[in-house]
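Written below as structure tokens is the structure these notes are about.
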Amino acid sequence: MFDIKLIRNNPELVRAAMEKRNAPVDLDTILAVDAKRRSAVYEMEQLRARQNQASETIARKKKNREDADDVIEEMKQIKEQSATLEIVVRQAEEDLQEILLSLPNLPDETVPFGKNEEDNQVIRHWGEPPAFDFEVKDHVDIAEKLGIVDFSRAAKIAGARFTLSLGYGAQIERALINFMLDAHTKLHGYTEALPPLLVNTPSVQGTGQLPKFSADLFKVDNTDYWLIPTAEVPVTNIHRDEILREEDLPKYYVAYTPCFRSEAGSYGKDTRGMIRVHQFNKVELVKFTTPETSWDELEKLTANAEYILQQLGLAYRVVNLCGGDLGFSSAKTYDLEVWVPAQNTYREISSCSNFTDFQARRANIRFRRDKKPEFVHTLNGSGLAVGRTVVAILENYQQEDGSVVIPEALRPYMGGLTQIPARP
RNA sequence: GGAGGGUUAGCAUAAUUGGUAAUGCACCGGUCUUGAAAACCGGCGGCUUCGGCCUUGAGGGUUCGAGUCCCUCACCCUCCGCCA
Numbered sequence: 563m564f565d566i567k568l569i570r571n572n573p574e575l576v577r578a579a580m581e582k583r584n585a586p587v588d589l590d591t592i593l594a595v596d597a598k599r600r601s602a603v604y605e606m607e608q609l610r611a612r613q614n615q616a617s618e619t620i621a622r623k624k625k626n627r628e629d630a631d632d633v634i635e636e637m638k639q640i641k642e643q644s645a646t647l648e649i650v651v652r653q654a655e656e657d658l659q660e661i662l663l664s665l666p667n668l669p670d671e672t673v674p675f676g677k678n679e680e681d682n683q684v685i686r687h688w689g690e691p692p693a694f695d696f697e698v699k700d701h702v703d704i705a706e707k708l709g710i711v712d713f714s715r716a717a718k719i720a721g722a723r724f725t726l727s728l729g730y731g732a733q734i735e736r737a738l739i740n741f742m743l744d745a746h747t748k749l750h751g752y753t754e755a756l757p758p759l760l761v762n763t764p765s766v767q768g769t770g771q772l773p774k775f776s777a778d779l780f781k782v783d784n785t786d787y788w789l790i791p792t793a794e795v796p797v798t799n800i801h802r803d804e805i806l807r808e809e810d811l812p813k814y815y816v817a818y819t820p821c822f823r824s825e826a827g828s829y830g831k832d833t834r835g836m837i838r839v840h841q842f843n844k845v846e847l848v849k850f851t852t853p854e855t856s857w858d859e860l861e862k863l864t865a866n867a868e869y870i871l872q873q874l875g876l877a878y879r880v881v882n883l884c885g886g887d888l889g890f891s892s893a894k895t896y897d898l899e900v901w902v903p904a905q906n907t908y909r910e911i912s913s914c915s916n917f918t919d920f921q922a923r924r925a926n927i928r929f930r931r932d933k934k935p936e937f938v939h940t941l942n943g944s945g946l947a948v949g950r951t952v953v954a955i956l957e958n959y960q961q962e963d964g965s966v967v968i969p970e971a972l973r974p975y976m977g978g979l980t981q982i983p984a985r986p
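With the working numbering applied, the first sequence covers 563 to 986.
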């Protein structure tokens with residue numbers, strides 16, 4: 563959430579930032595609502611001050627057994643005035659809050675200008691896309707031939723955009739989850755978390771999915787529960803409304819969870835296969851840091867996610883998202899895009915972001931070093947999206963006979979299996 | 001689902017019949033010291049137009065005035081029931 567003071571003191575900076583995001587805002591309206599709120603608050607505080615004084619007078623008089631009826635009468639009148647003023651103040655505060663919650667984060671200076679994903683900036687490449695001397699198949703064909711993913715039965719059980727993994731398909735997901743969790747806990751210093759998959763409204767508001775993006779989420783009927791779209795939500799909210807100690811920062815968490823997304827508005831995109839589904843597994847990295855270190859921590863977090871792709875021998879590139887493509891809460895995002903042979907292109911498999919103090923402000927996550935508590939910075943990134951990793955492995959490691967070689971790093975997690983054998 | 005107890009600042013604990021939140025620890029700053037500790041002084045939730053205002057889990061109500069009384073809700077603890 564935005565600091566209203568920043569808008570008040572430096573509107574040009576905010577205006578420029580929102581333009582960079584391709585999401586211009588009407589700052590004059592915001593400033594007008596703010597001014598209205600401030601004057602109403604001031605007026606009410608004046609009244610309160612008189613109320614408090616009168617109240618003290620009454621208490622004193624009563625103690626001395628003096629008559630206080632005249633002061634009590636005055637208080638009754640003040641009370642009526644403040645009741646109407648209170649409504650004005652409350653309305654103004656709600657108006658301002660609504661606007662502030664709808665504003666996206668300020669993009670960092672290093673975020674490139676641009677409208678959409680075509681303007682994203684490729685930072686670096688790793689690995690070579692494999693060369694095939696046969697016609698490559700896409701992951702759907704490969705998986706169905708191997709009998710490891712059953713899309714039609716998934717549709718029967720749940721509906722379109724669900725998967726049913728079976729046999730080696732289920733096993734490779736479990737192996738990937740364990741491999742990723744082990745790497746991040748044992749090598750990169752993250753604490754493993756297994757959080758709730760249902761969360762309440764304040765949690766979803768804290769990370770920025772609400773109030774604007776409720777259409778992307780699943781809500782449980784007749785409750786205040788939302789299905790998490792990413793582990794970012796429950797894990798970032800671990801420290802909601804807390805004041806951390808400076809010496810406890812940075813805090814690193816890694817969590818495996820299923821993720822649930824309604825994918826409203828994505829009709830016609832990636833309808834086939836397991837690239838875009840309503841439920842998928844993901845291993846998520848989350849950090850809480852001091853403001854000075856968050857940019858370094860973003861580089862390190864991104865490297866931690868890249869490590870997984872490197873170990874799996876999957877070619878990828880790192881992309882710096884442009885202003886127009888940046889997520890609502892993010893100040894800067896690196897997407898890791900893995901090579902997908904059947905599409906002859908790179909597809910997102912991880913998104914690593916620095917949210918600066920945007921989420922911390924919403925979720926009230928602070929730390930103390932001198933006397934005043936300060937907002938922490940929060941970061942997160944997929945490390946990695948498991949379903950899409952399976953897609954990448956199936957397509958990049960496919961063999962002409964229909965079998966799929968298991969990347970070496972994963973074999974210990976597959977009971978030493980070296981390939982998923984082709985079926986006759 | 002039922003019964004009872006609880007929620008006060010970073011933590012821990014107070015607050016006569018309703019009179020406007022006290023104290024300890026931790027932490028920060030200062031005095032003192034060669035340095036530190038101790039002691040002492042100040043600070044130690046948010047906002048502020050620097051006059052003040054707000055803050056006792058959340059939201060209502062009664063009252064001139066609510067931590068305190070009433071109602072609704074959330075969460076935590078104990079027990080019963082049900083349950084993987």
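Think of the CB as a built atom: it goes at the ideal place given N, C-alpha and C, for glycine as much as any other residue. Since this is a predicted model, take the numbers as computed values, not measurements.
Q.
Short of 8 angstroms in beta carbon distance, which residues of its chain neighbour PHE675, apart from the five on each side in sequence? Order them along the chain.
A. Sequence index remark: in the first sequence, residue 675 carries index 113 (1-based). Hits under 8 angstroms: LYS582, ASP681, CYS884 and GLY885.
Q) If you count every other CB in all the chains shown that lies within 10 Å of the CB of LYS894, and 16 or more means buried, which is it? A) Numbered from 1 along the first sequence, position 332 holds the residue referred to as residue 894. With 16 or more other Cβ atoms within 10 Å, it is buried.
Q. Roughly how many angstroms lie between the CA atoms of PHE696 and ASP963, to the nearest whole one?
A. In the first sequence, counting from the first residue as 1, residue 696 sits at position 134. In the first sequence, counting from the first residue as 1, residue 963 sits at position 401. Approximately 10 angstroms, taken between the alpha carbons.
Q. Hey, out of HIS939, ARG834, GLN613 and PHE890, whose CA is closest to PHE713's CA?
A. Stepping through the first sequence from its first residue, residue 713 is reached at position 151. Minimum Cα distance to PHE713 is reached at ARG834.
Q: Find out if the Cβ-Cβ distance for the pair GLY729, GLY751 is shorter than 8 angstroms.
A: As a first step, residue 729 is located in the first sequence; it is residue number 167 there, counting from the start. As a first step, residue 751 is located in the first sequence; it is residue number 189 there, counting from the start. Not a contact, by the Cβ cut-off of 8 angstroms.
Q. Helix, strand or coil for VAL651 per DSSP?
A. Within the first sequence, the letter at position 89 stands for residue 651. Helix at VAL651.
Q. Excluding sequence positions up to five away, which residues of its chain have a Cβ less than 7 angstroms from the Cβ of ALA971?
A. What you label residue 971 is simply residue 409 of the first sequence in a count that begins at 1. Contacts found: PHE741, GLN873 and LEU874.
Q: Would you list the residues sitting across from ARG879 in a DSSP beta bridge?
A: One-based indexing of the first sequence puts residue 879 at position 317. Partner(s): HIS687 and GLU899.
Q) So HIS840 and PHE724 are in contact, right, with Cβ under 8 angstroms, and what is the actual spacing, rounded? A) Numbered from 1 along the first sequence, position 278 holds the residue referred to as residue 840. Numbered from 1 along the first sequence, position 162 holds the residue referred to as residue 724. At roughly 6 angstroms, the Cβ-Cβ gap stays under 8 angstroms, so HIS840 and PHE724 are in contact.
(Q) Can you confirm whether the segment 854-873 touches the segment 924-937 when touching is taken to mean that 3 or more C-beta pairs between the two stretches lie within less than 8 angstroms? (A) no
Q: Helix, strand or coil for TYR869, going by three-state DSSP, please let me know.
A: For the purposes of this step, residue 869 is taken as the residue at position 307 of the first sequence. Three-state result, TYR869: helix.
Q.
Cutting at 7 angstroms between CB atoms, please list the residues of its own chain near TYR829, excluding the five before and the five after it.
A. As a position in the first sequence, residue 829 is number 267, starting the count at 1. The answer is none, since no qualifying residue turns up.
Q: Would you be able to state if there are at least three C-beta pairs under 8 angstroms between the segment 615-630 and the segment 730-738?
A: no
Q. Taking the C-alpha atoms as reference points, what is the distance between THR753 and LEU847?
A. For the purposes of this step, residue 753 is taken as the residue at position 191 of the first sequence. For the purposes of this step, residue 847 is taken as the residue at position 285 of the first sequence. The alpha-carbon atoms of THR753 and LEU847 are separated by roughly 10 angstroms.
Q.
Let's see if you can read the secondary structure: which residues bound the alpha helix (DSSP H) around GLN767?
A. As a first step, residue 767 must be located in the first sequence, where it is residue number 205. First-last of the alpha helix (DSSP H) with GLN767: 763-769.
Q) Should ASP783 be labelled buried (16 or more other beta-carbon atoms within 10 Å of its own) or exposed? A) Your numbering for residue 783 matches position 221 in the first sequence. Flag for ASP783 reads exposed.
Q: Select from ASN584, LEU593, ILE640 and ALA585 the residue whose C-alpha is nearest the C-alpha of PRO1026.
A: Given a span of 563 to 986 for the chain in the structure shown, any question on residue 1026 remains unanswerable.
Q. Can you tell me the Cα-Cα spacing of VAL953 and MET836, whole angstroms?
A. Taking the first residue of the first sequence as 1, we reach residue 953 at position 391. Taking the first residue of the first sequence as 1, we reach residue 836 at position 274. Using only the alpha carbons, I get a separation of about 7 angstroms.
Q) Looking only at C-alpha atoms, which of VAL761, SER892, ALA705 and THR864 sits nearest to ARG949? A) Along the first sequence, one-based indexing puts residue 949 at 387. At residue 949 the sequence reads Gly, which differs from the Arg that was named. Among VAL761, SER892, ALA705 and THR864, the Cα nearest to that of GLY949 is on ALA705.
Q: Quick one: grab the DSSP three-state call for ALA737.
A: Sequence index remark: in the first sequence, residue 737 carries index 175 (1-based). Helix.
Q: Could you spell out the range, first to last residue, of the beta strand (DSSP E) harbouring ARG909?
A: In the first sequence, residue 909 corresponds to position 347, counting from 1. Segment 907-916, the beta strand (DSSP E) holding ARG909.
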